[in-house]
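Protein chains: 2
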Amino acid sequence: MTQTPLPPPLHDALVQLLGPSGVLTNPADTEAFCVDWRALYHGKCAAVLRPANTAECAQAVALCHAHNVPMVPQGGNTSMVGGATPDSSGLAVVISTTRMNQIHSIDHADLTMTVDAGVTLKAAQDAASAQGLLLPLSISSEGSADIGGILATNAGGNNTVRYGNARELALGLEAVLPDGSVLDLMRKLRKDNTGYALRQLLVGSEGTLGLITQAVIQLQPAPRSRETALCAVENPQGALNLFAAFRKQDPSAIHAFEFMSGTSMALVNNLIEGASLPLEAPAPAYVLVELASPRADDSLRSLMEDILGSALEEGLVTDAVLAESESQRQSLWMIREEHAEAQKRAGASVKNDVSVPLAAIPEFIADATKACEALIPGIRVAPFGHIGDGNIHFNLVQPEGADPAAFLAQDHAMMDTVAAIVRKLGGSFSAEHGVGQLKTYMMPSWRGGAELQTMRQIKAAIDPQNLMNPGKVLPPA
Amino acid sequence: MTQTPLPPPLHDALVQLLGPSGVLTNPADTEAFCVDWRALYHGKCAAVLRPANTAECAQAVALCHAHNVPMVPQGGNTSMVGGATPDSSGLAVVISTTRMNQIHSIDHADLTMTVDAGVTLKAAQDAASAQGLLLPLSISSEGSADIGGILATNAGGNNTVRYGNARELALGLEAVLPDGSVLDLMRKLRKDNTGYALRQLLVGSEGTLGLITQAVIQLQPAPRSRETALCAVENPQGALNLFAAFRKQDPSAIHAFEFMSGTSMALVNNLIEGASLPLEAPAPAYVLVELASPRADDSLRSLMEDILGSALEEGLVTDAVLAESESQRQSLWMIREEHAEAQKRAGASVKNDVSVPLAAIPEFIADATKACEALIPGIRVAPFGHIGDGNIHFNLVQPEGADPAAFLAQDHAMMDTVAAIVRKLGGSFSAEHGVGQLKTYMMPSWRGGAELQTMRQIKAAIDPQNLMNPGKVLPPA
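Protein chains in written order, with my numbering: chain A, 1 to 477; chain B, 478 to 954.
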């Protein structure tokens, strides 16, 4: 009756543990868990397990461990790098966290939220917001991505410039280790120097060292004032100089500092309805800056006006518009958020989620633009992204009217061209998205030697049978 | 001629590598490296090695590794827990980082400093300050403690409430692993999701996984405005409520938020010259709050006055004094900083560097006070510390006129009494100071099970011969 290669004793034990609806084996039920949302990877699995709490999860993992069955942790299935998709062998089980979805408490003294892994980021944000607090992490997939997944991948997003990545927000953590034992690090302590940083190690390990089941997330008071401006600048160096001007006055006021190239902005203005440029004329580059503070006084407005006033006088900023209402603010953010969609409508594109030191950004964009234009005449180099973190989405859009397939056939040439320049400048080939299975092949050349060796030693020590999310992060030895 | 148990070929190779002054074997030269500054531990060593750069350090470690010689990394030798002191066997070498003391660069675009492990924290702070920047970590031993040591122990201090511990400040890291290979993580990237968090793991591992040789430290713009106030409150809950009031308005303005019990303050006022209480009358408890911002406008002053005004009206604060000059500010800080000295002058004392969740602080202080007073009638319970981080130095001073030795003979009873309450409340037995050799015995009961097991697995994987700082952090299996 069951359509699974799981050993019958394991299958029966799992059904007894998790109930019939906790063990999916029908391909119609499991298929959605075996394909990533970008449909880059089509895997197979022996079953999808849906534990409802940590105890069930731990017992399920222990059973799989005893039977030597590989396990693929999966949250909202929004990985950009195939990090939560099983391979094509069909031997692994997917362990879905979606049933573990309780928000246990919000602590106003500690400003923390205790939450299960399967709660979506959006649900957690909303729960904080309903109590006048802010969960300061925002990514475009937040409606589906869950807390376990954002921690497993150390998610970033628009507010990293102010609050750091997911790792910095996790004050406590609980995870099930590959052998089914429970690692309980659910402490609410800002200072605790009692041994190795296991919490930080689990965060960002992409499910290869354990399955995150719960977390204590640090919250912030909700902003009571906010100022948002779209600014025209001459080039990336101008954007960086403007960032430095804001940072010099008050780094903690900068909640977002986003860069958009003129090329990418033109695509938005031309291809997205209702996204016309609210400035007098197109510019070579743009910055969207948002200041925010829990303070209700008007000092943020004067800070914004003072800095932009000086920048306009000096010619650093050539034009700027300040949001005068929440709806104007949302319009400015819409312009930023539509860059991915506009690029999609412009034809085939190749994405590079890279980071470099701030000082190297102008050289990176100039050199990489030149190299890509030399590689493919007519290519539209359309970078944008979180310039305050040094994180540029260096996206490449096909020449107008060109054949998309022919363009995409050169994707590796384009990616390698960009990567070579990133590397020369001390950057990273994955700023936000992680390694998953898409980028494991890059690990030996970029993170080789003692670094990769140490990662392998840690993996082998914690997961000697290589059962937890095999094939992710670390390439085959 | 040499007075060392080192195998002659190893000794000769080390002298050839490091020069005669780089290999100390004369007991008169090595003795200072074998005793911790509190003189709790008197160890011996086979030699003190003093490499001048990473390459020398790596080769020296490789040589010791090949000869199976244990190594004890040592920076400024300011550990509070014997973390940098060799054992009494005399078999280990101490590897001192004091010769590796170059500040390589300060990057104004990235706001980072690239620095050798052996640079003292004070020297690094001064170098940042000379360029209008702030290295936002401050501890009382900063004149001796070096960058390698503060990272190895994940140091905290007065500004953790705003900027986090040392771990949060280290953007890049270089370390020599136990086999002599160099782990180069000297990247200046705020976003880099390419594998396991080795940097975070090395930080706080107290030299047991490798020897930190260089770091990239994140800096901040120097404050241009600062407001400092000493406030009288009714009890620890009052201090916490005041903290919440400041945090609700602007967490990022709070550079320090320190608690002092009335008992501890009375010792300072009575025993330290020039440290009279600048308030009308003694109170049950006090808070020293410092706001700071790189903004030069006057909004910080109004923020301080608004919050304290409301707090005085509500009776949350019963009296307060604001520093009206830099010298008044320093006087207020002097009162805070003299607590350790005042307790020393009051006789024998027992120190507990503990943390609990913020919400649990009032219960912790009340219960631990009651329990200690029941244990030793007349004991002076004199807590103070970084209440904004939940970190209380719960110090116990002998009864007036009692015999110091008799009091100290009960130190374990006192520590265990305090620890039991900390543990019940989900706290930590070492908030700032680490484990070293002083507290390894507490690891199995506090961090046992999967947590200690995982730490042991990592240690065995990276240092299978147990050569790097053996006997620290992890107790014998």
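All residues carry an ideal CB built from backbone N, CA and C; glycine is no exception.
Terminal residues of the alpha helix (DSSP H) in which ALA39/A lies: Your numbering for residue 39/A matches position 39 in the first sequence. Segment: none, ALA39/A is in no alpha helix (DSSP H) and carries neither H nor E.
I'd like to know if LEU198/A contacts chain B, where contact means its C-beta is closer than 8 angstroms to some C-beta of that chain. On the first sequence, residue 198/A is found 198 positions in, with the first residue counted as 1. It does; some Cβ of chain B falls within 8 angstroms.
In three-state terms, what does DSSP make of THR25/A? Here residue 25/A is taken as the residue at index 25 of the first sequence, counted from 1. In this structure, THR25/A counts as coil in the three-state DSSP scheme.
Cross-chain neighbours of PRO27/A in chain B, by beta carbon under 7 angstroms: For the purposes of this step, residue 27/A is identified with residue 27 of the first sequence, where counting begins at 1. Chain B residues near PRO27/A: none, gap ~32 angstroms exceeds 7 angstroms.
Can you pull out the residues from the segment 183 to 195 of chain A whose beta carbon lies closer than 9 angstroms to at least one beta carbon of chain B? Using a CB distance below 9 angstroms, the part of the segment 183 to 195 of chain A facing chain B consists of LEU183, ASP184, LEU185, MET186, ARG187, LYS188, LEU189, ARG190, LYS191, ASP192, ASN193, THR194 and GLY195, ordered along the chain.
Below 7 angstroms CB to CB, which residues in the same chain sit around GLY739/B once its five sequence neighbours on both sides are set aside? As a working note, residue 739/B is residue 262 in the second sequence. Excluding sequence positions up to five before and after GLY739/B, its CB lies within less than 7 angstroms of the CB of PRO759, ALA760, PRO761 and ALA762, all in the same chain and listed in chain order.
Return the residues of the segment 422 to 440 of chain A that lie within a Cβ-Cβ distance of less than 9 angstroms from chain B, sorted by chain order. From the segment 422 to 440 of chain A, only GLY426, GLY427, SER428, PHE429, SER430, ALA431, GLU432, HIS433, GLY434, VAL435 and LYS439 have a Cβ closer than 9 angstroms to chain B.
Enumerate in chain order the residues of its own chain whose CB-to-CB distance from VAL858/B is below 7 angstroms, with the five nearest sequence positions on each side excluded. Position 381 of the second sequence holds residue 858/B. Annotation for VAL858/B: THR740, THR846, CYS849, GLU850 and LEU873 place their beta carbon closer than 7 angstroms to its own, counting only its chain and skipping 5 residues before and after.
Can you list the residues of chain A that ALA937/B reaches, using a CB-CB cut of under 7 angstroms? Position 460 of the second sequence, counted from the first residue, corresponds to residue 937/B. Taking a Cβ-Cβ cut-off of 7 angstroms, the neighbours of ALA937/B in chain A comprise ALA461, given in sequence order.
Give a yes or no on contact between the segment 921 to 929 of chain B and the segment 574 to 583 of chain B, applying the rule of three or more CB pairs nearer than 8 angstroms. A contact is defined here as three or more CB-CB pairs under 8 angstroms, and the segment 921 to 929 of chain B fails this definition with respect to the segment 574 to 583 of chain B.
When the distance is taken between beta carbons, is ILE749/B closer than 8 angstroms to ALA800/B? Taking the second sequence and counting its residues from 1, one reaches residue 800/B at position 323. Taking the second sequence and counting its residues from 1, one reaches residue 749/B at position 272. Result no, Cβ atoms of ALA800/B and ILE749/B do not sit closer than 8 angstroms.
Check each candidate in ALA643/B, LEU902/B, ASP830/B and TYR918/B and name the one with the smallest Cα separation from PHE871/B. Position 394 of the second sequence holds residue 871/B. The shortest C-alpha separation from PHE871/B is found at ASP830/B.
CYS57/A (DSSP reduced to helix, strand or coil): The residue labelled residue 57/A in the question sits at position 57 within the first sequence. Annotated three-state conformation of CYS57/A is helix, per DSSP.
Can you pull the DSSP bridge partners for ALA175/A? Walking along the first sequence from the start, residue 175/A turns up at place 175. ALA175/A pairs with LEU183/A and ILE212/A.
Between ASP87/A and chain B, is there a C-beta pair that is closer than 8 angstroms? Along the first sequence, one-based indexing puts residue 87/A at 87. Not closer than 8 angstroms to any Cβ of chain B, the Cβ of ASP87/A fails to qualify, so no.
Using 8 angstroms as the limit for Cβ to Cβ distance, is VAL950/B near chain D? Note that chain D does not occur in the displayed structure, where the protein chains are A and B.
Could you tell me whether the Cβ atoms of LEU756/B and ALA709/B are closer together than 8 angstroms? Within the second sequence, numbered from 1, the residue matching residue 756/B stands at position 279. Within the second sequence, numbered from 1, the residue matching residue 709/B stands at position 232. Taking 8 angstroms as the Cβ cut-off, LEU756/B and ALA709/B qualify as a contacting pair.
In chain B, what lies closer than 7 angstroms to LYS248/A by C-beta? Start at 1 with the first residue of the first sequence, and residue 248/A comes out as number 248. Per Cβ cutoff of 7 angstroms: PRO698 and PRO771.
Segment limits, alpha helix (DSSP H) that includes GLN805/B: For the purposes of this step, residue 805/B is taken as residue 328 along the second sequence, with counting starting at 1. In the DSSP assignment, GLN805/B falls within the unbroken alpha helix (DSSP H) covering 803 to 814.
For ALA769/B, write down the residues that DSSP places opposite it in a beta bridge. Locating residue 769/B in the second sequence gives position 292, where the first residue counts as 1. BP columns for ALA769/B point to ARG703/B.
What are the residues in the segment 850 to 869 of chain B lying within 7 angstroms of chain A by C-beta distance? The residues in question are ASP866, GLY867 and ASN868.
Whole angstroms are fine: how far does the CA of LEU628/B sit from the CA of HIS910/B? Indexing the second sequence from 1 puts residue 910/B at position 433. Indexing the second sequence from 1 puts residue 628/B at position 151. Approximately 12 angstroms, taken between the alpha carbons.
Could you give the C-beta distance for GLU206/A and LYS439/A, rounded to a whole number, given that I count them as a contact under 8 angstroms? For the purposes of this step, residue 206/A is taken as residue 206 along the first sequence, with counting starting at 1. For the purposes of this step, residue 439/A is taken as residue 439 along the first sequence, with counting starting at 1. Not quite, the Cβ-Cβ distance comes to about 11 angstroms (not below 8 angstroms), so this is no contact.
Measuring CB atoms only, is the segment 584 to 603 of chain B touching the segment 686 to 698 of chain B, in the sense that at least three cross pairs come out at less than 8 angstroms? Result yes; three or more Cβ-Cβ pairs closer than 8 angstroms.
Own chain, CB closer than 6 angstroms to MET265/A, minus 5 neighbours either side, in chain order: Residue numbering aside, residue 265/A sits at position 265 when the first sequence is read from its first letter. The beta carbon of MET265/A lies closer than 6 angstroms to those of TYR286 in the same chain, with the five residues before and after it left out.
Check the Cβ of SER617/B against every Cβ in chain A and list those closer than 8 angstroms, keeping chain order. The residue labelled residue 617/B in the question sits at position 140 within the second sequence. Within chain A, no C-beta atom comes nearer than 8 angstroms to that of SER617/B; the closest sits roughly 15 angstroms away.
CA-to-CA distance, HIS863/B to GLU814/B, given in whole angstroms: Within the second sequence, numbered from 1, the residue matching residue 814/B stands at position 337. Within the second sequence, numbered from 1, the residue matching residue 863/B stands at position 386. One C-alpha to the other measures close to 12 angstroms.
List the residues of chain A that PRO613/B touches, going by C-beta distances under 9 angstroms, in chain order. Taking the second sequence and counting its residues from 1, one reaches residue 613/B at position 136. By Cβ distance, chain A contributes nothing, its closest Cβ being about 11 angstroms from PRO613/B, past 9 angstroms.
Name, going along the chain, the residues of the segment 446 to 460 of chain A whose beta-carbon falls closer than 7 angstroms to a beta-carbon of chain B. So the list reads TRP446, ARG447, ALA450, GLU451, THR454, MET455, GLN457, ILE458 and ALA460, given in the order they occur along the chain.
Answer with buried or exposed for SER907/B, where buried requires no fewer than 16 other C-beta atoms within 10 angstroms of its C-beta. As a position in the second sequence, residue 907/B is number 430, starting the count at 1. Its Cβ being crowded by 16 or more others within 10 Å, SER907/B is buried.
Run through chain A and tell me which residues come within less than 8 angstroms of THR637/B, C-beta to C-beta. As a position in the second sequence, residue 637/B is number 160, starting the count at 1. In chain order: ARG190 and LYS191.
Compare the C-beta of ALA348/A against all C-beta atoms of chain B and say whether one is closer than 8 angstroms. Here residue 348/A is taken as the residue at index 348 of the first sequence, counted from 1. ALA348/A does not count as touching chain B.
State the start and end residues of the unbroken alpha helix (DSSP H) segment that holds PHE391/A. Counting from one through the first sequence, the residue named residue 391/A turns up at place 391. In the sequence under discussion, the amino acid at residue 391/A is Asn, which differs from the Phe named in the question. Counting along the chain, no alpha helix (DSSP H) covers ASN391/A; the unbroken beta strand (DSSP E) around it starts and ends at 391 to 393.
Could you give the distance in angstroms between the alpha-carbon of GLY210/A and the alpha-carbon of ALA155/A? Walking along the first sequence from the start, residue 210/A turns up at place 210. Walking along the first sequence from the start, residue 155/A turns up at place 155. Here the alpha carbons of ALA155/A and GLY210/A stand approximately 17 angstroms from one another.
Comparing alpha-carbon positions, which option in TRP446/A, LEU425/A and SER140/A lies nearest THR120/A? Walking along the first sequence from the start, residue 120/A turns up at place 120. With respect to the C-alpha of THR120/A, the residue from TRP446/A, LEU425/A and SER140/A having the closest C-alpha is SER140/A.
Counting Cβ pairs closer than 8 angstroms, one from the segment 193 to 204 of chain A and one from the segment 130 to 138 of chain A, do we hit at least three? Counting Cβ pairs under 8 angstroms, fewer than three are found: no touch.
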